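Mapping of the sequence shown onto this note's numbering: position 351 corresponds to residue 358, and the numbering continues sequentially without gaps. So the structure is just underneath, and the comments pick up after that.
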Amino acid sequence: MTAALSAHELIARHRSTLDQALEAIRTRAYWSPHPEHPKAYGENGSLDAAAGKAAFDALLGSRLDLGQPGTDDWVGGETSPYGVDLGVTYPHADLDVLLPAMKAGQRAWRDAGAEQRAVVCLEILKRISDRTHEFAHAVMHTSGQAFMMAFQAGGPHAQDRGMEAVAYAYVEQVRTPDNAEWTKPQGKRDPLAMAKQFTPVPRGIALMIGCNTFPTWNGYPGLFASLATGNAVLVKPHPRAVLPLALTVQVAREVLTEAGFDANLVALAAERPGEGIAKTLALRPEIRIIDYTGSTEFGDWLEANARQAQVYTEKAGVNTVVVHSTSDYKGMLSNLAFSLSLYSGQMCTTPQNLLVPREGITTDQGPKSYDEVVADLAKSVDGLLGDDARANALLGAIVNPDVKARLEAAAGLGEVALASREITNPDFPGAVVRTPVIVKLDGAKPDDEAAYMSECFGPVSFAVAVDSAADAAELLRRTVREKGAMTVGAYTTDPEVEQAVQEVCLEEAAQLSLNLTGGVYVNQTAAFSDFHGSGGNPAASAALCDGAFVANRFRVVEVRRDA
8 MTAALSAHEL IARHRSTLDQ ALEAIRTRAY WSPHPEHPKA YGENGSLDAA AGKAAFDALL
68 GSRLDLGQPG TDDWVGGETS PYGVDLGVTY PHADLDVLLP AMKAGQRAWR DAGAEQRAVV
128 CLEILKRISD RTHEFAHAVM HTSGQAFMMA FQAGGPHAQD RGMEAVAYAY VEQVRTPDNA
188 EWTKPQGKRD PLAMAKQFTP VPRGIALMIG CNTFPTWNGY PGLFASLATG NAVLVKPHPR
248 AVLPLALTVQ VAREVLTEAG FDANLVALAA ERPGEGIAKT LALRPEIRII DYTGSTEFGD
308 WLEANARQAQ VYTEKAGVNT VVVHSTSDYK GMLSNLAFSL SLYSGQMCTT PQNLLVPREG
368 ITTDQGPKSY DEVVADLAKS VDGLLGDDAR ANALLGAIVN PDVKARLEAA AGLGEVALAS
428 REITNPDFPG AVVRTPVIVK LDGAKPDDEA AYMSECFGPV SFAVAVDSAA DAAELLRRTV
488 REKGAMTVGA YTTDPEVEQA VQEVCLEEAA QLSLNLTGGV YVNQTAAFSD FHGSGGNPAA
548 SAALCDGAFV ANRFRVVEVR RDA
């Protein structure tokens, strides 16, 4: 096959970007090559807002033919949380045909080396970036995110996370030199001399199991980490969120072909309604790596049963904020209100439990009782979401009926400090939009513990009264140890309390945000700088992104001979 994109051309095009990414993960400073603002697109081959919307509209009701081998049916059935029937159909694969075809291209991909694999991955990301407006609508209408969030989190932020994984993969692969000359002195005898060759080799086929809420943001790290380390990748989307990942597979296959590699290095595994192929795939002997984002129950099953594979999970946790004291009461309330409201709390990083001393807290506005703190937070959320247009832009839509059911049931768990209300979206009358609920619970009552010690994914928060800062730290420790946490927040002006909370997070491996009162929120992380999850508590077995996330996706094989 003659490559339309030569290795030299791709290296010339993307090596400087790779070098900047390598510098960013070294310094942890802010950097992104992907613009966050919609108006930044429309030049140099990228789609502007109108063209992106038109491209998305053209997909509706279409058949997305990826040219994959082993296609035995066409499947679909996605309905947008905004009430739109997407009507897109995708290839259904005969795994006994598709998996051998995927394996066939791995030798050439392995032999290409770390740099060429990296720049091919960056070309894939560049073409996805050029279609960010199109992808944003695909993410919006599968996840229920509001458009601007779908644009940013599903577009540039997801692309950043993919590029971050490529950078880490490259670093780990080039840590060992390709060749080495080894000489050992033997005194009066001739020295021993060996020529040694070291080759990073892939584990096999990687399975990326996508999630409903953040198909690209959570999907791209595993996909690109596996691809950049030489593995073929089979993408198994969530049945409600196929389109963004199917488009990703389409782009990847196009680039691989143009670069002279086998398109089947990346393939899609869409499923029939109710088929549930994730378990079947996870146990196939060809699958040697699994990336999964979703429920704790299935994540635990994968870790226990997919013994032939290296399994990376991001499951669920009970995220906690300790509210002890603050020098900016208004800023604290505003920051928390936004964190609780963003995307209707449908983020693995959204705070659930707010631990507040029952005797109250000290603030720059004087002492505030537990009841006052909770009431003021409820008012802050009400103020933030009081305008329906702004509320729709922040909340998006409830992603599935399970979230709606949990929201409605939460009101019966305790005293309601803030009731959820229904909001109409004039652009999408079929959307289910709800404001958050805040429920007051008592940390000393065993009957309340069942509620706050269980994850309640969605726009549900519990204001848990505790006896003291020490009790809050101990409850935080127990929560992280038993249930896991993707994020922890704390507000305190007391150095001893800050140290106690920090020590809990260090010992239990939970990422901590302290005294956030501005435009950075506990449920947001920045690629190249922030770690998402730690891999050290039950919420996740991996962190996005560190060396451990990529290093075990390949092994180094040595060939040595006498020099």
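In this text, a Cβ means the ideal position worked out from N, Cα and C, and glycines have one as well. If you're wondering where the values come from, they're calculated on a predicted model, not measured in any experiment.
Sequence-distant Cβ neighbours of Leu263 in its own chain, meaning closer than 6 Å and more than five residues away, are Ala270 and Leu272.
For secondary structure counted as the beta strand (DSSP E) over 3 or more consecutive residues, the stretch 456 to 539 holds these complete runs in sequence order: 467 to 473, 495 to 498 and 519 to 521.
Counting C-beta pairs with one atom in each stretch, the stretch 378 to 395 and the stretch 431 to 448 have three or more that are closer than 8 Å, which means they touch. The beta carbons of Ile405 and Glu293 sit about 37 Å from each other, so the pair does not count as a contact at 8 Å. DSSP places Val423 in the strand class (E or B) of the three-state scheme.
Within the stretch 48 to 119, the complete beta strand (DSSP E) runs of at least 3 residues fall at 78 to 83 and 96 to 100.
Leu361 carries a strand assignment under DSSP once its states are collapsed to helix, strand and coil.
Counting along the chain, the unbroken alpha helix (DSSP H) around Glu304 starts and ends at Thr303 to Asn312.
Membership of Asp197 in the beta strand (DSSP E) is indicated by the continuous run Arg196 to Pro209. At the C-beta level, Leu25 and Ala266 stay beyond 8 Å of one another.
Looking only at Gly437, Val473 and Arg413, the smallest Cα-Cα distance to Val444 is reached by Arg413. A check of alpha carbon separations from Tyr37 across Asp101, His164, Ala115 and Arg20 identifies His164 as the nearest.
Burial check for Val564: the Cβ neighbour count within 10 Å stays below 16, so the residue is exposed.
In this structure Gly74 is exposed. Its beta-carbon is surrounded by fewer than 16 other beta-carbon atoms within 10 angstroms. Pairing Ala385 with Ala416 gives a Cβ-Cβ distance that is not under 8 Å.
Trp38 is not bridged by DSSP to any residue. DSSP links Asn186 through a beta bridge to Gln204. Phe345 sits away from Tyr498, with the two beta carbons spaced by 8 Å or more. CA-to-CA, the gap between Thr96 and Lys243 works out to about 15 Å. In this structure, DSSP gives Glu171 a helical state, which the three-state scheme calls helix.
Between the alpha carbons of Gly237 and Ile297 lies a gap of roughly 15 Å. Taking 8 Å as the cut-off, the Cβ atoms of Leu401 and Ser348 count as close.
Only buried fits Gly465, as 16 or more other CB atoms lie within 10 angstroms of its CB. Nearest neighbour of Gly217 by Cα position, chosen from Ala200, Ala239, Thr255 and Gly390, turns out to be Thr255. Within the same chain, Cβ atoms closer than 8 Å to the Cβ of Tyr319 are found at Gly229, Ile296, Ile297, Asp298, Tyr299, Ser548, Ala549 and Phe556, the five residues on either side in sequence being excluded. Counting C-beta atoms within 10 angstroms of its own C-beta, Pro184 has fewer than 16 neighbours from the protein chains shown and is therefore classed as exposed.
The alpha carbon of Asn312 has as its nearest neighbour, out of Ala239, Ile18, Tyr336 and Lys286, the alpha carbon of Lys286. In this structure, Ser468 places its C-beta atom within 8 Å of the C-beta atom of Leu361.
A Cβ-Cβ contact shorter than 8 Å links Thr139 with Gly162. A distance below 7 Å between beta-carbons, with the five flanking residues on each side excluded, links Val82 to the following residues of its chain, in chain order: Thr96, Tyr97, His99, Ala277, Glu278 and Arg279. In this structure, Ala451 and Val487 do not form a Cβ contact; the two beta carbons are roughly 20 Å apart against a cut-off of 8 Å.
Here Ala200 has Thr190 and Ala570 as same chain residues with Cβ atoms under 6 Å from its own Cβ, once five neighbours each way along the sequence are excluded. Nearest neighbour of Thr333 by Cα position, chosen from Gly324, Leu106 and Val363, turns out to be Val363. Inter-residue distance for Asn544 and Val388 is about 30 Å (C-alpha atoms, whole angstroms).
Inter-segment contact for the stretch 490 to 506 and the stretch 125 to 133 is absent: fewer than three beta-carbon pairs are separated by less than 8 Å.
Annotation for Leu523: Asn342, Gly496 and Val529 place their beta carbon closer than 7 Å to its own, counting only its chain and skipping 5 residues before and after.
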